[in-house]
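Rendered as structure tokens:
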């Protein structure tokens, strides 16, 4: 039965005590005033100064990009013209190489076919120029080179 009484006391809304209930109240005269306003010092540049700085940096960047584009265009033009001026030299070198190879091939053919009767070095064996034309090589004499 004592257990039942303890159980009832635990579920009861009012304690079974002899002291009256007390309530927390503010102190006499009230609490002191709460300062909630933020007193932040003004720090850093203004928004206008930041905007002007960003604008100046972007303008300088665009200027440098434009200068780089002009430089790249000039280098491209210079490379193109250097190639154009080198074409005759490279063509002449290619012609000399082709002529040297053709003469070497004719010499090899003459050496290989020296025992064959009526063999003409450099003449087509097909007796027809329809399917084969010899490469044309321009020979520049020694005295014309200077």
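In the numbering used here, the protein residues as written are 156 to 301.
The beta-carbon is built from N, C-alpha and C at its ideal position, and this holds for glycine as well.
These numbers come from a predicted model, not from an experiment.
task = Alpha carbon to alpha carbon, how far is residue 177 from residue 344? Give it in angstroms, no decimals.
result = Examination of residue 344 is not possible in this model, given that the chain is present from 156 through 301 alone.
query = Where does residue 231 sit, in a helix, a strand or coil, going by DSSP?
reply = It is helical.
query = Would you say residue 271 and residue 261 are within 9 Å of each other, going by their C-beta atoms?
reply = By the CB criterion at 9 Å, residue 271 and residue 261 fall outside the cutoff.
request  = Would you kindly work out how many angstroms separate the C-alpha atoms of residue 180 and residue 174, rounded to a whole number?
outcome  = The straight-line gap from Cα to Cα measures roughly 18 Å.
request  = Alpha carbon to alpha carbon, how far is residue 218 from residue 239? Give it in angstroms, no decimals.
outcome  = Linking residue 239 to residue 218 through their CA atoms gives a straight-line distance of about 32 Å.
query = Any idea what DSSP makes of residue 219, helix, strand or coil?
reply = Three-state result, residue 219: helix.
ask   = How many angstroms separate the CA atom of residue 228 from the CA atom of residue 221?
value = Their backbone Cα atoms lie some 11 Å apart in a straight line.
request  = For residue 268, collect the residues of the same chain with a Cβ closer than 6 Å to its Cβ; drop the 5 residues on either side in sequence, then sort them by chain order.
outcome  = Close CB contacts of residue 268 within its chain, under the 6 Å cut and outside five residues either way in sequence, are with 274 (chain order).
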